[in-house]
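Q: If you're matching positions, the sequence shown starts at 282 in this note's numbering and goes up one per residue.
For glycine and all other residues, C-beta sits at the position ideal for the given N, C-alpha and C.
Provided herewith is a single structure, encoded as structure tokens, for subsequent inquiry.
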Amino acid sequence: MGEAKRRKELGLPPREKPVELKLPVLDKENIQKKVRSFLYKNPVVPFVFYGLVLGAFGWGLYNLVKGYQLIKS
Numbered sequence: 282m283g284e285a286k287r288r289k290e291l292g293l294p295p296r297e298k299p300v301e302l303k304l305p306v307l308d309k310e311n312i313q314k315k316v317r318s319f320l321y322k323n324p325v326v327p328f329v330f331y332g333l334v335l336g337a338f339g340w341g342l343y344n345l346v347k348g349y350q351l352i353k354s
């Protein structure tokens, strides 16, 4: 006896088939247009981003030097 008949006799609903998940297809040109239009509307964003990156780098360098001085003394 197959599983389907057993499930029917027990009063259970049919087994659901698993849905295969696929990665979404990205439209590269559309994404580029959206990013460019956002950057044209907000030209300060790249400067803020690079400022944050440089700030994080400086903060890490400061903590590295401070930690080295603690170990050294």
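Which residue marks the beginning of the alpha helix (DSSP H) containing E290, and which one marks its end?
A: Segment 284-291, the alpha helix (DSSP H) holding E290.
Q: Is the CB-CB distance between L356 and V329 below 9 Å?
A: This structure cannot settle anything about residue 356, because the visible part of the chain is limited to 282 through 354.
Q: Reducing DSSP to helix, strand and coil, say where V306 ends up.
A: Correct three-state label for V306: coil.
Q: To the nearest angstrom, how far is it from the Cα of L307 to the Cα of Q313?
A: Rounded to whole angstroms, L307 to Q313 spans 11 Å at the Cα level.
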